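Notes for the one structure printed next.
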Amino acid sequence: MNMQYYNAVVEMEKAGVDPEFLQGWQGGYLLNPMREEQRLTEAYEAGYAAGQEKDMEAYKEWIAA
């Protein structure tokens, strides 16, 4: 099991990150194909880009108030 991935997801969930960002981050981290165009959101795309970069800090901008 990839503990870096697991710990990052748990941290984001506990912080209350936007679910769209989290789904994007997971997809980007795992190098899954991006969603189809009509289902893309700003949060998803930001998460996807952060996941591809293995950025563990970008989620802090997407925590729900």
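Counting the sequence shown from 1 gives a position; the working numbering is that position plus 516.
Virtual Cβ for every residue (Gly too), placed ideally from N, Cα, C.
Note that this is a predicted model, so its numbers are computed, not measured.
Query raised in the report: With burial defined as no fewer than 16 other Cβ atoms inside 10 Å of the residue's Cβ, what is the status of V526: buried or exposed?
Result: That one is exposed.
Requested in this report: Just confirm the distance between the C-beta atoms of Y564 and G540, as a whole number of angstroms; I'd bet it's less than 8 angstroms.
Outcome: About 4 angstroms; that satisfies the 8 angstroms criterion.
Query raised in the report: Name the DSSP beta bridge partners of V525, please?
Result: In the DSSP output, where bridge partners are listed per residue, V525 has none listed.
Query raised in the report: Can you tell me whether L546 is buried or exposed, with buried defined as 16 or more other CB within 10 angstroms of its CB?
Result: Around the beta-carbon of L546, fewer than 16 other beta-carbon atoms lie within 10 Å, marking it exposed.
Query raised in the report: Do you know offhand how far A582's Cα is from A566's?
Result: Only positions 517 to 581 of the chain appear in the structure, and residue 582 is not among them; the question remains open.
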